[in-house]
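Have a look at the structure below before the remarks.
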Amino acid sequence: MADLTTEFLGIKSPNPFWLASAPPTDKEYNVRRAFEAGWGGVVWKTLGSEGPPVVNVNGPRYGAIYGADRRLLGLNNIELITDRPLETNLEEMARVKADYPDRALIASIMVPCEEEAWKAILPRVAETGADGIELNFGCPHGMSERGMGSAVGQVPEYIEMVTRWCKQYYDRPVIVKLTPNITDIRKPAAAAKRGGADAVSLINTINSITSIDLDSFSPEPSIDGKGSHGGYCGPAVKPIALSMVSEIARHPETHGLPISGIGGVTTWRDAAEFMVLGAGNVQVCTAAMTYGFRIVEEMKRGLSQWMDEKGYASVSDFVGKAIPNVTDWQYLNLNYVAKAKIDQEKCIKCGRCYAACEDTSHQAISMSPERVFEVIDEECVACNLCVDVCPVEDCISMVPMAAGEVDPRTGKTVEADYANWTMHPNNPMARAAE
Amino acid sequence: MAQGQMAPGVQAGRLSSDELTSNFADLHPPYAPHEAAVAADRCYFCHDAPCVTACPTAIDIPLFIRQIQVGQPEAAAQTIFEQNILGGMCARVCPTETLCEEACVREAAEGKPVEIGRLQRHATDSLMARQGHPFTRAPETGKRVAVVGAGPAGLACAHRLAMKGHSVTIYEAKEKPGGLNEYGIATYKTTDDFAQREVDWLLGIGGITIEHGKALGEGLTLDSLRADYDAVFLGMGLGAVNELSCEGAEREGVCDAVSFIADLRQASDLTKVPVGRNVVVIGGGMTAVDAAVQARLLGAENVTLAYRRSRKRMGASKFEQDLAASKGVRIIDNVMPVAIHGNGATAEIEMEYTAEADGKLQGTGERLRLPADQVFRAIGQSFVEPGGVEIDRGKIRVSETGRTSLDGVWAGGDCTAGEDLTVVAVAEGRDAAEDIHAALTKG
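Sequence order for the protein chains is A and B.
Quick note: the first sequence uses the numbering used here, first residue 1, plus one each step.
Quick note: the second sequence uses the numbering used here, first residue 435, plus one each step.
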């Protein structure tokens, strides 16, 4: 078994799987269960200022969308930060950290955008022995209406300012948690870096309404006939999160800034994908909420198995491996030509590839009266839609053409050289070759 | 003279070689990868899953199925083998319909459980095909343990002990290791010599030697084993077959179902295995079904399974009963043999209908005669006492961890109480090994 020990911002944990700040990490009881189940770290549910805690709704807090067989793909939540007294949380955090010194324990904080508020809470958090803090600039519901959460995360100047205060009044690592409810994720990440953040974590949840009850016309989750947008998370948000992580990892201004990857991590593979895009570890919530804390066992075994297969001795061996392969569209190789190929042995003759291609793409698949489906190379642009809609794995594949072959669609010989849009004759901006 | 199925008496070659090959093909063929993915996706990853509770070896079934879902069948196999080193065989022969799959919440919800057995086979096959032995042996402890019997209990015990660094000698009476996995299970449940391949793979852990042709009372005594080894594990199974007590029970054509099943497994050419035209199997357990179904598959024209109590009380599961019916076996319940008639060899069996009154089985007086040129006894096996250890209701008395009444002697498998299943034997062998290890390393 490969060694999963992870060091993130100097904080050691036995594996890179942390539980994100969320309902599963609201109490000592849950966190102890999580550590017993094997989680490497926990970001405690977000603490607010001293005084009367926030209140939550007393009706449904979550809504869901499902895939086939009622598999939970996306969850939306309108729960606020912890609704338990600050003192209670701090006492519990100190106890848990003392009992589990080898696990990471991070305090998530959300207090008003005022220096005094941060100055007041930071020493209290430091006393618990927590390994670091995470600034919740992400929650898109409820708290944002009060000028906190994503309301801060959407204003880079505020991010920079608050991060600076935290670095001033707190001497352990500061992680800034980013909201995806913004046009360009690089801006808040750069602001966090300017403020002195040790790392960013992303993504927080996405503004969403999961569904509408067509009898009552209320959004779900429905509170007395009304609904409010909530934070969307779970497997469905992973592609958005991966893209945002990659943007920060490869942007010159933020490249090298440590990242804690969050967003739909459900299996070892999801975690590995975040990590090769530059995340030093991952945070998980929905998978635990769907399957229980035991789910980490698959993640640990799976990642370890993959590392053994690939010969990686430690997680740092593969973090960031995919970053050089993320590029802008304009740099993609336009001389790369592929064609779809249907494996007739594997084909079950459902015709979905045909419907997709004939109706919505390039009319590049033929159908015989015997329901034999074949690719018409003269028409195939290798769009991949047939692969994506085929229910059978590896039945349709995209086969690259070798240099020197003639593409029957264009009549052009496939070139061995790399050539992208910036060099293309159709591009008015392309400079003529010298 | 009539040929094939119509040939009278007990004859070989009732069906062609091709027909036999097709008849004896894998009962539960392996999944294609896509089928496995679809089947795995049905698992809900239940909390404190009922399937795990129902598995005698407590394999973490939701975890291994999830590992298949995420594309790592070999990691899934590792999860299985940690609990059950004979997970490959159990995937083939476990009566999952009365164990994990019966407990599956989807069985309750839809009448269609997750196909745990076939998924387990998918996982274990992929690891066994691609990799060597998945465990490494701890440094040699210098302790030596004797295991009597190379069946599932003995093998599981030996493997666990070897893994912990002890050195193990297995004494096996028969020519081949595997016990009932090799000699006692229907051919269509474990094809392609799987039992032997599995033993070879299991021995890959190192530290285990098998000495064949040795059994207690045949060159071995319990006293000498106790004197020569640091611990002894008894896993010799059941040695004797219960006899029929009716008139004519000694006639030619009356034989043990157990021997018939063993002969089939050992046959290199099924066209050479003789079977009657009219076969009657007496009994109601798995062995009875295995014999009856295989008699049909070999080409017997009529096969009847006669059981003395009602169908509900049969030891064979509903699945096994349905399998027998689907292969053309006629099941007659509430009948008991009274006499086997014939002019020399068996020709006819006479049975009496039975009824149960106050838990007592009695003949009703009404009788039934069936042509029978072959009668199989499948009315249970019994234990041959080794002497020295305390016996309780015909089997070796053991503690929860397999300790017998004799110091330094453990036992498990069919020679102890509990269900006579491969998976139960594996659990008992494994748990005894853990206890032996604890005893040997204490202090």
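All C-beta atoms, glycine included, are put in the ideal place defined by N, C-alpha and C.
Option in the options with minimal Cα separation from residue i
| i | options | result |
| --- | --- | --- |
| F373 of chain A | A:T360, A:A340, A:V399 and A:G404 | A:A340 |
| P221 of chain A | A:Y170, A:I65 and A:V276 | A:I65 |
| A322 of chain A | A:I185, A:V245, A:G132 and A:L72 | A:V245 |
| A861 of chain B | B:P490, B:P611 and B:V602 | B:P490 |
| L214 of chain A | A:S208, A:L385 and A:G225 | A:G225 |
| A509 of chain B | A:G320, A:R301 and A:P24 | A:R301 |
| I825 of chain B | B:Q808, B:G588, B:P805 and B:C849 | B:C849 |
| G278 of chain A | A:G320, A:V315 and A:K187 | A:G320 |
| L650 of chain B | B:F628, B:Y622 and B:K608 | B:K608 |
| E273 of chain A | A:T46, A:Y354, A:W306 and A:C383 | A:W306 |
Residue i, buried or exposed, once every other Cβ within 10 Å from all chains shown has been counted against 16
| i | result |
| --- | --- |
| F217 of chain A | exposed |
| H871 of chain B | buried |
| E393 of chain A | exposed |
| L802 of chain B | exposed |
| N777 of chain B | exposed |
| K412 of chain A | exposed |
| R371 of chain A | exposed |
| P820 of chain B | buried |
| A287 of chain A | buried |
| H481 of chain B | exposed |
| T25 of chain A | buried |
| I295 of chain A | buried |
| N76 of chain A | buried |
| H507 of chain A | Within the shown structure, residues of chain A are numbered from 1 to 434, placing residue 507 of chain A beyond reach of any answer. |
| R631 of chain B | exposed |
| L614 of chain B | buried |
Residue i in three-state terms, based on DSSP
| i | result |
| --- | --- |
| E434 of chain A | Residue confidence for E434 of chain A is low, a pLDDT of 47 falling below 50, so the modelled location carries little weight; the figure read from the coordinates is stated next. The answer is coil: DSSP assigns E434 of chain A none of H, G, I, E or B. |
| A322 of chain A | coil |
| S49 of chain A | coil |
| F458 of chain B | coil |
| L802 of chain B | strand |
| W844 of chain B | strand |
| G153 of chain A | helix |
| A584 of chain B | coil |
| W44 of chain A | strand |
| H362 of chain A | coil |
| G132 of chain A | strand |
| A189 of chain A | helix |
| E127 of chain A | helix |
| M110 of chain A | coil |
| W39 of chain A | coil |
Cutoff 6 Å; reference residue i; Cβ partners in own chain excluding five residues on either side
| i | result |
| --- | --- |
| E434 of chain A | Confidence is the limiting factor: at E434 of chain A the pLDDT is only 47, short of 50, which leaves the residue's position unreliable and the question unanswerable from this model. |
| I765 of chain B | L739 |
| S751 of chain B | P529, E531 and T532 |
| R499 of chain B | It should be noted that the sequence gives Ile, not Arg, for residue 499 of chain B. Excluding residues within five positions, the ones whose Cβ falls inside 6 Å are A474, C477 and L553. |
| R526 of chain B | K623 and T624 |
| C902 of chain B | This structure cannot speak to residue 902 of chain B, because chain B is shown only from 435 to 877. |
Contacting residues, own chain, Cβ-Cβ under 8 Å from residue i (five flanking each side not counted)
| i | result |
| --- | --- |
| C528 of chain B | C534, G551, L855, T856 and V857 |
| A773 of chain B | C680, E681, G682, I783 and E784 |
Cut-off 7 Å between Cβ atoms - residues of its own chain near residue i, not counting five sequence neighbours on either side
| i | result |
| --- | --- |
| A20 of chain A | V43, I262, Q283, V284 and C285 |
| V763 of chain B | A726, V727, R730, V737 and L739 |
| G640 of chain B | R571 and A596 |
beta-carbon residue i near the ligand FAD non-hydrogen atom, thresh 6 Å
| i | result |
| --- | --- |
| A338 of chain A | The ligand FAD is not part of the structure shown, which contains no ligands of any sort. |
Using a Cβ cut-off of 8 Å, which residues of the segment 44-78 of chain A contact any Cβ in chain B, in chain order?
Hits within the stretch, in order: D69 and R71.
Which residues, taken in chain order from the segment 274-304 of chain A, show a beta carbon closer than 8 Å to some beta carbon of chain B?
Those would be Y291, G292, R294, I295, E297, E298, R301 and G302, in chain order.
Pull out every residue of the segment 387-400 of chain A whose Cβ sits closer than 7 Å to any Cβ of chain B, in chain order.
Answer set for the segment 387-400 of chain A: V392 and E393.
To be precise: take each residue of the segment 808-831 of chain B, compare its Cβ to all Cβ atoms of chain A, and keep it if any distance is under 9 Å. Which residues remain?
Under the 9 Å Cβ criterion, the segment 808-831 of chain B contributes no residue.
Give the residues from the segment 459-489 of chain B that approach chain A closer than 8 Å (Cβ to any Cβ), ordered along the chain.
Contact residues of the segment 459-489 of chain B toward chain A are P467, H468, A471, D475, R476, F479 and H481 (C-beta to C-beta distance below 8 Å).
At a Cβ cut of 8 Å, what residues of the segment 257-272 of chain A count as close to chain B, listed as they run along the chain?
Those residues of the segment 257-272 of chain A that come within reach of chain B (Cβ to Cβ, closer than 8 Å) are T267, W268 and R269.
Note down, in chain order, all residues in the segment 529-549 of chain B with a beta-carbon under 7 Å from any beta-carbon belonging to chain A.
Taking 7 Å as the Cβ-Cβ cut-off against chain A, none of the residues of the segment 529-549 of chain B qualify.
Please identify, using Cβ separations under 8 Å, the residues of the segment 558-581 of chain B that lie next to chain A, in order along the chain.
Under the 8 Å Cβ criterion, the segment 558-581 of chain B contributes no residue.
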